[in-house]
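Trainee: Here it is, the structure in full.
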Amino acid sequence: MNLPVLHLGGRHAAFVWAAYGVTAPVLAGLVIESLLQAGYWRRKAEGRSIQAEPDLTQP
Amino acid sequence: MFGFLANPARFMAVSRWLTPILGALAALLLTIGLVLSFSAPDDYQQFATVRIMFIHVPAAFMASLVYVCVAGASLIGLVFRHSLADAAAKAAAPLGAAFTALALATGSLWGKPTWGTWWQWDARMTSVLVLFLLYLGYMALHAAIDDEQKAARAAAILALVGVINLPIVKFSVDWWNTLHQGESLFRKGGPAMPPVYLWPLGVMSFAYLFLFGALWLVRIRTEVWKRRANTAALKAAYR
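Going down the list, the sequences are from chains G and A.
Per our numbering, the first sequence starts with residue 60, numbered consecutively.
Per our numbering, the second sequence starts with residue 639, numbered consecutively.
Written out as structure tokens, the structure is:
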């Protein structure tokens, strides 16, 4: 498969790489931060060993 | 659907198997989308920068869509006083802020070589900046109030007021003469784009959509665990 941008040294290549270079860490950061937070609070909730479900349907 | 998932236990059961499916779909589509993006030929006007469109347009699309989710969940939380809806709104806001920031950053990186400027105070760009500020305001307001219910209510009102900005974002290119180009996808006569660019754009759009779906569920689950942990801590303190 032809991947022209990988071989591109033109004047616009820097803008393309910068855009993808900004996007990748932001999306990866969202995934990592979400999973770390989920793991932390799950362990904390389970550590406090709640027996009954809290009623989240009530204000 | 909402009634079915309104039960936290049922939501946790459904989201437990739905989250990895959405995550896997997002990863698969992101991989395919990247290959399609990098194998697409240069555009005759935009040259290589046409590839920025494949990540800019989905980010901009998600910026507005996520706000609809925040506002919808806020409305449900406000009307029905349902804390799972509040959790859903709170969980979506940082994701929306990130997508909006990406739309602004990648748009700027596309604008410099194409328009000759990083930024222009035109209606589309300014309204997207306002959208970003609304997300930041929503999160700041939520974080500033200790009482979870009061915080959710105040932030929900802000989110609902901010809905006025969504049609401005969408129709700004029609209502005003902007530097930002007009509608090129969902318009009469079909998209103003050949299939070689439509495919990577479509695949990346669905990848972003599934990624948001997976992350939103993870973050709502986190909110539920957080509340369970806090409830347990309160029970332990009163023993």
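Note that CB positions come from ideal geometry on N, CA and C, so glycine has one too.
So the candidates are A/F848, A/A739 and A/R865; which of them puts its Cα closest to the Cα of A/L660?
Mentor: A/F848
Trainee: Does the distance from the CB of A/L855 to the CB of A/T687 come in under 8 Å?
Mentor: For A/L855 and A/T687, no; Cβs fall outside 8 Å.
Trainee: To the nearest angstrom, report how far apart A/A725 and A/H694 are at their CA atoms.
Mentor: 28 Å
Trainee: Would a check of beta-carbon distances place A/A867 closer than 8 Å to chain G?
Mentor: Yes, its Cβ sits closer than 8 Å to a Cβ of chain G.
Trainee: Tell me, to the nearest whole angstrom, how far the beta carbon of A/A790 is from that of A/K728; I am working on the premise that it is less than 8 Å.
Mentor: 7 Å
Trainee: Considering Cα atoms alone, identify which of A/E821, A/M691 and A/Y876 is closest to A/H740.
Mentor: Before going on, a small fix: residue 740 of chain A reads as Leu here, not His. Selected option, being the one with the closest Cα: A/M691.
Trainee: Could you give the uninterrupted runs of the alpha helix (DSSP H) lying entirely in the segment 713 to 758 of chain A, keeping only those of 4 residues or more?
Mentor: 721 to 753
Trainee: Please classify A/I858 as buried or exposed, where buried requires at least 16 other C-beta atoms within 10 Å of its C-beta.
Mentor: Residue burial is scored here from C-beta neighbours: A/I858 has at least 16 other C-beta atoms within 10 angstroms and is therefore classed as buried.
Trainee: Starting from G/R77, find everything on chain A with Cβ-Cβ shorter than 8 Å and list it in chain order.
Mentor: Looking at the sequence shown, residue 77 of chain G is not Arg but Ala. Neighbours of G/A77 on chain A, chain order: L747.
Trainee: So A/A736 packs on G/L89, CB below 8 Å; how close in whole Å?
Mentor: Correct: roughly 6 Å between the Cβ atoms.
Trainee: So, does the CB of G/A87 fall closer than 8 Å to a CB anywhere in chain A?
Mentor: No, its Cβ sits nowhere closer than 8 Å to a Cβ of chain A.
Trainee: Quick check on the DSSP output: the alpha helix (DSSP H) that includes A/H780 runs from which residue to which?
Mentor: Residues A761 to A782.
Trainee: For a cutoff of 8 Å on Cβ pairs, would you count G/I109 as touching chain A?
Mentor: Residue placement at G/I109 is flagged as unreliable, the pLDDT there being 48, under the threshold of 50; the coordinate-derived value follows with that caveat. Judged by the 8 Å Cβ criterion, G/I109 is in contact with chain A.
Trainee: Does DSSP put A/D681 in a helix, in a strand, or in coil?
Mentor: When DSSP states are grouped into helix, strand and coil, A/D681 belongs to the strand group.
Trainee: With 16 other CB atoms within 10 Å as the buried threshold, where does A/L672 fall?
Mentor: A/L672 comes out buried.
Trainee: Would you be able to state if there are at least three C-beta pairs under 8 Å between the segment 828 to 846 of chain A and the segment 662 to 680 of chain A?
Mentor: yes
Trainee: Could you tell me the boundaries of the alpha helix (DSSP H) in which G/Q96 lies?
Mentor: A72 to G106
Trainee: I need the straight-line Cα distance from A/A730 to A/L817, nearest angstrom please.
Mentor: 30 Å
Trainee: Hey, how far is the Cα of A/V841 from the Cα of A/A874?
Mentor: 49 Å
Trainee: In chain order, what residues of the same chain have a beta carbon less than 8 Å from the beta carbon of G/Y79, not counting five sequence neighbours either side?
Mentor: none
Trainee: Is there a C-beta anywhere in chain G that falls below 8 Å from the one on A/F685?
Mentor: Interface residue, yes.
Trainee: Thinking C-beta only, is A/T738 closer than 8 Å to A/F886?
Mentor: Not covered by the structure: residue 886 of chain A. The range shown for chain A is 639 to 877.
Trainee: Can you pull out the residues from the segment 837 to 860 of chain A whose beta carbon lies closer than 8 Å to at least one beta carbon of chain G?
Mentor: L849, L853, V856, R857, R859 and T860
Trainee: At the level of alpha carbons, what is the spacing between A/V799 and A/Y705?
Mentor: 12 Å
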